[in-house]
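Inspection log for the structure reproduced underneath, given as structure tokens.
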Amino acid sequence: MKNNYEPDGATQVDIYRRMALLKANDEQSRRVIKTGRLLMPYYSYRGQEVIPSAVSANLTDGDYICTIYRGIHDMLAKGLPLKDLWAEIAGRVDGTCKGKGGPMHLTYPSKGIMVTTGIVGSSMPIANGLAWGSQIAKDGRVTVAYFGDGASNIGAFHESLNLASVWKLPVIFVCQNNQFAEHTTYEKCTGGKQIADRAFGYGIPGYRIDGNDPIEVYATAREAIERARAGDGPTLIEAMTFRFFGHVFGDADGYMDKDRKKAAMAADPLPRFRAKLVADGHSTEAELAAMEETIDQDVEAAIQFALASPFPDIAEIRRDIYEHEVFI
Ligand SMILES: Cc1ncc(C[n+]2csc(CCOP(=O)(O)OP(=O)(O)O)c2C)c(N)n1
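No gaps in the numbering here: position 66 of the sequence shown is 235 in my numbering, and each next residue is one more.
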């Protein structure tokens, strides 16, 4: 999409700050598992940092996001505090859900982080519900639904686009097309030329963009968010990117073409954007190095905080839990 919404220098540095935070957090996540410091199911988002960083730069704390198991980057970019994140990952009482959600079911409503779901495609109908609530309350909030390319083949994707279109809901569907579903390539399981084209069938705008270009993601998201806030309804954004690692930590990733993976890693958007910020005079090498150093320290401090936090006690286990009887 071409529009005049190029972010100013300070916003570009802010987008980079979020990207650097996501990268550092991913590297530490894989390190803690490898060293046995902490065990968890982990879905690396390395390679996809640009998308939520540039989208979130257009959102307020009041705006909502719904995301998926591969969504820690979406939440950190939206402002999830590191200590709350790591305490939840470690199952401790100081976590976002008092240790009862774990790394795949994080929420943090005060920053608009409403749902993390492991059910492929289900971030979209939930996002519609939140957006419908905002429409009724006239509270001016928008909701971003993040999901993967594989999820665009699930019925809920189509139902959600249709309903959001009919009701003109203030929702933005952001597909992070990382070229792979679980252990399958995008080409092997997705019909049609591009996912963005599916928006046409529901009468809403759809854009395929370079999801590794922070300026393009920012500008496209801003237009879609303004459209939603103005009451003009939803937009589908298909942001092209590449996940650097297997589906889940420990995945042998034999289905990932080695040359494509090598090329994607060589085109890592982080060093590219970092060099551009310095070349354009928006920041200096020393300032960015200091920023990265602080981020590394913050991530390590959050892990230490989490490991020192207690587990929830027995009384806490059943609090805030929806339960129903199961008859066998
Ligand atoms: C309804 C449903 N079907 C199947 C699965 C198993 N599954 C988990 S992740 C995944 C792949 C999803 O790929 P994509 O939507 O592209 O997201 P990505 O993991 O690439 O971010 C599948 C099939 C599931 N969790 N939920």
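The C-beta atom is built at its ideal place from N, Cα and C for all residues, glycine as well.
Below 7 Å, is the gap between the Cβ of residue 289 and the nearest heavy atom of ligand 1? If you number the sequence shown from 1, residue 289 lands on position 120. Indeed, a heavy atom of ligand 1 lies less than 7 Å from the Cβ.
Candidates 179, 173 and 198: closest to residue 468 by CA position: Taking the sequence shown and counting its residues from 1, one reaches residue 468 at position 299. When only C-alpha atoms are compared, the closest one is 198.
Assuming residue 375 and residue 366 form a contact by the criterion Cβ under 8 Å, report the distance between their Cβ atoms to the nearest whole angstrom. On the sequence shown, position 206 is the one that residue 375 refers to. On the sequence shown, position 197 is the one that residue 366 refers to. Contact holds; Cβ gap of about 6 Å.
Would a C-beta distance cut-off of 8 Å place residue 207 and residue 244 closer than the cut-off? As a working mapping, residue 207 is identified with position 38 in the sequence shown. As a working mapping, residue 244 is identified with position 75 in the sequence shown. For residue 207 and residue 244, no; Cβs fall outside 8 Å.
Does any heavy atom of ligand 1 sit closer than 7 Å to the C-beta of residue 318? Looking up residue 318 in the sequence shown gives position 149. Yes, since a heavy atom of ligand 1 falls inside the 7 Å radius drawn around the Cβ of residue 318.
Roughly how many angstroms separate the alpha carbons of residue 385 and residue 175, rounded to a whole number? Counting from 1 along the sequence shown, the entry for residue 385 is found at position 216. Counting from 1 along the sequence shown, the entry for residue 175 is found at position 6. A direct Cα-Cα distance of roughly 8 Å separates residue 385 from residue 175.
For ligand 1, is there any heavy atom lying closer than 7 Å to the beta carbon of residue 306? Within the sequence shown, residue 306 is the residue found at index 137, counting from 1. It does not: the Cβ of residue 306 is nowhere closer than 7 Å to a heavy atom of ligand 1.
Can you look up residue 439 in the DSSP assignment and give me helix, strand or coil? Start at 1 with the first residue of the sequence shown, and residue 439 comes out as number 270. If DSSP states are grouped into helix, strand and coil, residue 439 belongs with the helices.
Across which residues does DSSP place residue 354 in a beta bridge pair? As a working mapping, residue 354 is identified with position 185 in the sequence shown. Here residue 354 is bridged, per DSSP, to 349.
Whole angstroms is fine: what's the gap from residue 475's alpha carbon to residue 291's? Locating residue 475 in the sequence shown gives position 306, counting from the first residue. Locating residue 291 in the sequence shown gives position 122, counting from the first residue. C-alpha separation (whole angstroms): 29 Å.
With a 10 Å radius around its C-beta and 16 neighbouring C-beta atoms as the bar for buried, classify residue 333 as buried or exposed. Residue 333 sits at position 164 when you count from the first residue of the sequence shown. Burial of residue 333 is indicated by the presence of at least 16 other C-beta atoms within 10 angstroms of its C-beta.
Mind checking whether the beta-carbon of residue 345 lies closer than 7 Å to any heavy atom of ligand 1? Against the sequence shown, residue 345 aligns to sequence position 176. Yes, the Cβ of residue 345 comes within 7 Å of a heavy atom of ligand 1.
For residue 299, the nearest candidate out of 377, 389, 440 and 338 (CA to CA): The count along the sequence shown starts at 1 and reaches residue 299 at position 130. Cα-wise, what sits closest to residue 299 is 338.
Is it buried or exposed for residue 416, if we count other Cβ within 10 angstroms and need 16 for buried? Counting from one through the sequence shown, the residue named residue 416 turns up at place 247. It is buried - the Cβ of residue 416 has at least 16 other Cβ atoms within 10 Å.
If distances are taken between C-alpha atoms only, which option among 316, 413, 278 and 431 comes closest to residue 196? As a first step, residue 196 is located in the sequence shown; it is residue number 27 there, counting from the start. Comparing Cα-Cα distances from residue 196 to each of 316, 413, 278 and 431, the minimum goes to 413.
Can you list, in chain order, the residues of its chain with a C-beta nearer than 6 Å to that of residue 350? Leave out the 5 residues immediately preceding and following it. For the purposes of this step, residue 350 is identified with residue 181 of the sequence shown, where counting begins at 1. Listed in chain order, the non-local C-beta contacts of residue 350 below 6 Å within the same chain comprise 319 and 358, local neighbours out to five positions each way being set aside.
Candidates 172, 190 and 307: closest to residue 462 by CA position: Counted from its first residue, the sequence shown places residue 462 at position 293. Comparing Cα positions, the closest option is 190.
Which one or two residues does DSSP pair with residue 314 in a beta bridge? Taking the first residue of the sequence shown as 1, we reach residue 314 at position 145. Residue 314 pairs with 235 and 342.
Starting from residue 320, follow the alpha helix (DSSP H) in both directions and report where the run begins and ends. Residue numbering aside, residue 320 sits at position 151 when the sequence shown is read from its first letter. In the DSSP assignment, residue 320 falls outside any alpha helix (DSSP H) and carries neither an H nor an E.
Just verifying my parser: in three-state terms, what is the DSSP assignment at residue 300? Along the sequence shown, one-based indexing puts residue 300 at 131. DSSP places residue 300 in helix when its eight states are reduced to three.
Through-space distance from residue 494 to residue 219, alpha-carbon basis: Along the sequence shown, read from residue 1 onward, the residue named residue 219 stands at position 50. Along the sequence shown, read from residue 1 onward, the residue named residue 494 stands at position 325. A straight-line Cα-Cα distance of about 44 Å links residue 219 and residue 494.
Proximal residues to residue 312 (C-beta, below 6 Å), its chain only, five neighbours per side dropped: In the sequence shown, residue 312 corresponds to position 143, counting from 1. Cβ contact annotation for residue 312 (same chain, cutoff 6 Å, sequence separation greater than five): 233, 296, 299, 300 and 340, in chain order.
What is the rounded straight-line gap between the Cα of residue 322 and the Cα of residue 239? Locating residue 322 in the sequence shown gives position 153, where the first residue counts as 1. Locating residue 239 in the sequence shown gives position 70, where the first residue counts as 1. Answer to the nearest angstrom: the Cα atoms are 17 Å apart.
Please indicate yes or no: does the CB of residue 406 lie closer than 7 Å to some heavy atom of ligand 1? Within the sequence shown, numbered from 1, the residue matching residue 406 stands at position 237. Every heavy atom of ligand 1 is 7 Å or more from the Cβ of residue 406, so no.
Could you please give me the residues that DSSP links to residue 375 through a beta bridge? Position 206 of the sequence shown, counted from the first residue, corresponds to residue 375. Its beta-bridge partners are 405.
With DSSP as the reference, label residue 185 as helix, strand or coil. For the purposes of this step, residue 185 is taken as the residue at position 16 of the sequence shown. Residue 185 sits in a helix when the DSSP states are folded into three classes.
Does the beta-carbon distance from residue 347 to residue 438 come in below 8 Å? What you label residue 347 is simply residue 178 of the sequence shown in a count that begins at 1. What you label residue 438 is simply residue 269 of the sequence shown in a count that begins at 1. Cβ atoms of residue 347 and residue 438: not closer than 8 Å.
Within 10 Å of its beta-carbon, does residue 456 have 16 or more other beta-carbons around it, so buried, or fewer, so exposed? Reading the sequence shown from its first residue, position 287 is the one you call residue 456. With fewer than 16 Cβ atoms within 10 Å of its Cβ, residue 456 is classed as exposed.
Using beta-carbon positions only, say whether residue 406 and residue 421 come within less than 8 Å of one another. Reading the sequence shown from its first residue, position 237 is the one you call residue 406. Reading the sequence shown from its first residue, position 252 is the one you call residue 421. No, the pair does not count as a contact, with Cβ atoms beyond the cut-off.
Residue 351 beta carbon near ligand 1 (any heavy atom closer than 7 Å): Reading the sequence shown from its first residue, position 182 is the one you call residue 351. It does: the Cβ of residue 351 is within 7 Å (strictly closer) of some heavy atom of ligand 1.
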